[in-house]
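*Asks:* Sharing a structure here in structure tokens format.
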DNA sequence: GTAAAAAGCG
DNA sequence: TTCACACCCTCAG
DNA sequence: GAGGGTGTGTCTCGCTTTTTACGT
Ligand SMILES: [Mn+2]
């Protein structure tokens with residue numbers, strides 16, 4: 001087990017804020033700059049204490065609950081923090097903030113000071129935590145609960161400033177200081193790509209504000225989705241208006257907007273949903289419009305949307321939707337519409353005994369009688385794809401990598417991703433056909449990079465056995481064609497591969513999608529199969545029924 | 001009382 | 001904060 | 001049976017300590 005040095009968390013914190021200050025000091029506001037400079041001037045113990053609190057839940061702490069051996073004198077540490085305005089000591093607190101700091105049994109013993117009668121105490125003990133909280137809030141209205149507390153309370157201040165630092169460092173607010181720890185413990189592994197110190201993820205204060213605003217508003221999303229139509233529209237208006245120059249944030253905002261509109265549909269506010277979809281450029285905004293319009297009996301307008309999609313589809317999935325949905329709608333209303341070319345993959349049915357394992361495992365067992373069979377789903381093809389194009393994904397392109405905790409370049413899903421990496425893409429693609437020659441490289445890469453975070457390689461799946469079978473029996477042209485399709489739309493085509501791969505004793509291979517009773521082909525699975533058929537890649541659907 | 005969930009932590 | 005499945009409903013034939 | 005929708009696992013580490021839920 002790896003041991004971390006004492007104060008590891010402060011080292012991590014400083015690495016983060018120092019880097020951000022170096023890169024972004026011109027974009028920080030006054031509060032953030034002061035936060036940084038103040039913090040740097042603190043005593044070590046005060047710094048320890050601040051970061052400890054920052055990584056714990058909530059903003060309010062009892063001094064007695066902050067016990068750390070590296071903080072010898074907590075009172076002087078908290079006083080130092082207080083002078084620097086990084087905490088407040090015994091501040092006025094609303095009941096909502098004070099209540100969570102004590103556990104249920106603790107509150108009961110605190111309330112004993114009020115000399116309540118026995119029955120009241122018994123009834124309080126029966127309350128759930130949530131009900132107790134409500135009761136205490138009510139009680140606080142008559143009697144200030146704070147006066148019953150006789151121990152020092154510390155309120156963490158200026159944590160918002162650190163939010164900005166985290167955002168600037170990671171580019172999101174999903175990652176935090178634990179990434180450092182997990183990496184240093186050897187639990188996470190990141191590729192050691194070259195970090196581009198010369199480009200920044202954020203280029204203006206306005207952009208930063210938009211992000212911060214987005215994340216802040218996002219906290220209310222669940223509540224809005226559970227609310228009524230009004231709550232949802234309100235929420236929609238709270239989201240930042242993002243300029244088209246900021247693709248990343250625009251996508252995030254639009255994704256939220258789609259979930260809002262989807263909920264409006266459920267609440268039968270179709271017109272409001274429509275208007276949100278109309279100003280949205282992500283999928284499935286046009287699909288939803290077509291569906292809503294048909295539902296409203298506006299057949300012509302629905303078909304118009306379908307036609308717009310067909311003229312300029314944003315993806316294969318959207319195109320297929322428009323062709324099929326348009327066809328069905330048109331047929332029903334006796335309008336002319338080209339018949340889509342449906343594809344029916346080869347099917348067969350097997351009958352096997354039901355076990356505790358899931359249906360894919362049972363089916364794999366069954367097919368083992370014909371040869372070697374592996375349960376791979378997306379793992380095999382994506383993994384080899386990731387291994388082969390490894391240098392492409394981690395290439396030091398401008399702005400692609402700005403911190404050590406990325407599992408992919410920032411621009412992986414941008415339209416110009418490949419264009420920016422043309423040379424390396426061309427070069428690596430030349431060798432896709434000779435898989436036999438690649439095996440050694442792959443095995444080397446596996447042993448060298450084992451466990452490194454990437455969106456493509458499923459390390460635990462890649463046994464030598466599987467790879468040897470795969471490279472012996474799957475022709476180079478098939479690999480090439482599969483990789484080509486993944487590149488066409490990395491996000492959409494990274495899933496939908498069949499469950500099993502069978503290498504029959506007599507040679508060759510076959511991809512097998514298992515369908516248990518009641519399950520059916522997903523759209524993305526069908527799209528892959530259509531492509532397999534076009535390129536003579538052997539595949540079939542096997543329906544399982546229980547013996 | 002015990003079991004499950006949440007928080008803390010390296 | 002994904003992807004694949006499980007399970008439900010409706011509707012047309 | 002096809003098409004469509006919703007709900008549900010998994011808690012991207014694994015361990016220890018604290019807190020809550022509940023009467024099997
Ligand atoms: Mn399946």
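In full-length UniProt numbering, the protein residues as written are 1 to 547. Glycine included, each C-beta is placed from N, C-alpha and C at the ideal position.
With H, G and I counted as helix, E and B as strand and the rest as coil, what does DSSP make of residue 253?
*Replies:* Residue 253: helix per DSSP, three-state reduction.
*Asks:* Less than 9 Å between the beta carbons of residue 155 and residue 88, yes or no?
*Replies:* Closer than 9 Å, so yes.
*Asks:* For residue 331 and residue 324, I'd like the C-alpha separation in whole angstroms.
*Replies:* 11 Å
*Asks:* Could you pull out every residue in the same chain whose Cβ sits closer than 6 Å to the Cβ of residue 261, ignoring the five residues on either side in sequence?
*Replies:* 273, 276 and 277
*Asks:* For ligand 1, any of its heavy atoms closer than 8 Å to the Cβ of residue 514?
*Replies:* yes
*Asks:* Kindly indicate the opening and closing residues of the beta strand (DSSP E) around residue 186.
*Replies:* Here residue 186 belongs to no beta strand (DSSP E), and DSSP marks it neither H nor E.
*Asks:* Ligand 1 and residue 360: does any heavy atom of the ligand fall closer than 8 Å to the residue's C-beta?
*Replies:* Yes, the beta carbon of residue 360 sits closer than 8 Å to at least one heavy atom of ligand 1.
*Asks:* Counting Cβ pairs, one atom from each stretch, are 3 or more of them under 8 Å apart for the region 158 to 171 and the region 22 to 31?
*Replies:* Here the region 158 to 171 lies against the region 22 to 31, with 3 or more beta-carbon pairs under 8 Å apart.
*Asks:* Out of 367, 133 and 314, state which residue places its alpha-carbon closest to the alpha-carbon of residue 488.
*Replies:* 314
*Asks:* For ligand 1, any of its heavy atoms closer than 8 Å to the Cβ of residue 519?
*Replies:* yes
*Asks:* Relative to ligand 1, is the shortest distance from any of its heavy atoms to the C-beta of residue 499 smaller than 8 Å?
*Replies:* yes
*Asks:* Between which residues of its own chain and residue 258 is the CB-CB distance below 7 Å, once the five residues before and five after are set aside?
*Replies:* 280, 282 and 285
*Asks:* With a 10 Å radius around its C-beta and 16 neighbouring C-beta atoms as the bar for buried, classify residue 390 as buried or exposed.
*Replies:* Label assigned to residue 390: buried.
*Asks:* Could you name each continuous alpha helix (DSSP H) segment of 4 residues or more that falls completely within the region 109 to 194, going from the start of the chain to the end?
*Replies:* 118 to 126, 129 to 142, 159 to 170 and 178 to 184
*Asks:* Using a 10 Å radius around the Cβ and a threshold of 16 neighbouring Cβ atoms, would you call residue 91 buried or exposed?
*Replies:* exposed
*Asks:* Just mark residue 307 as buried or exposed, buried being the case when its beta carbon has 16 or more other beta carbons within 10 Å.
*Replies:* exposed
*Asks:* Hey, is the region 193 to 202 in contact with the region 427 to 438, meaning 3+ C-beta pairs nearer than 8 Å?
*Replies:* Output reads no: the region 427 to 438 does not touch the region 193 to 202.
*Asks:* Counting C-beta neighbours from all protein chains within 10 Å, is the total for residue 244 16 or more, i.e. buried, or is it exposed?
*Replies:* exposed
*Asks:* Report the rounded CA-to-CA distance for residue 221 versus residue 253, giving the unit in angstroms.
*Replies:* 12 Å
*Asks:* What residue does the alpha helix (DSSP H) around residue 235 start on, and which one ends it?
*Replies:* 229 to 238
*Asks:* Here's the rule: buried if 16 or more other CB atoms are within 10 angstroms of the residue's CB, otherwise exposed. What is residue 41?
*Replies:* exposed
*Asks:* What do you get for residue 45, buried or exposed, if any count of 16 or more other CB atoms within 10 angstroms of its CB means buried?
*Replies:* buried
*Asks:* Taking contact to mean at least 3 C-beta pairs separated by less than 8 Å, is the region 375 to 391 in contact with the region 454 to 473?
*Replies:* Three or more beta-carbon pairs separated by less than 8 Å link the region 375 to 391 to the region 454 to 473, which places the two stretches in contact.
*Asks:* Does DSSP put residue 406 in a helix, a strand or coil?
*Replies:* coil
*Asks:* Would you grab the beta carbon distance between residue 393 and residue 179 for me? Rounded to a whole angstrom, and I think it's under 8 Å.
*Replies:* No, residue 393 and residue 179 are not in contact; Cβ-Cβ is about 19 Å, not under 8 Å.
*Asks:* What number of angstroms, rounded off, separates the C-alpha of residue 500 from the C-alpha of residue 373?
*Replies:* Distance between the alpha carbons of residue 500 and residue 373: 7 Å.
*Asks:* With a CB to CB cut of under 6 Å and the five nearest residues on each side skipped, what residues in its chain are close to residue 407?
*Replies:* 453 and 454
*Asks:* CB-CB under 6 Å to residue 503, same chain, minus the five flanking residues each way: which ones, in chain order?
*Replies:* Result list for residue 503: 371, 372, 469, 473 and 509, in chain order.
*Asks:* Who pairs with residue 212 in a beta bridge, going by DSSP?
*Replies:* Residue 212 is not bridged to any residue.
*Asks:* Alpha carbon to alpha carbon, what distance is there between residue 496 and residue 528?
*Replies:* 7 Å
*Asks:* Could you give the residue range of the beta strand (DSSP E) that holds residue 514?
*Replies:* Residues 510 to 515.
*Asks:* How about residue 467 and residue 439: are their beta carbons less than 9 Å apart?
*Replies:* Result yes, Cβ atoms of residue 467 and residue 439 sit closer than 9 Å.
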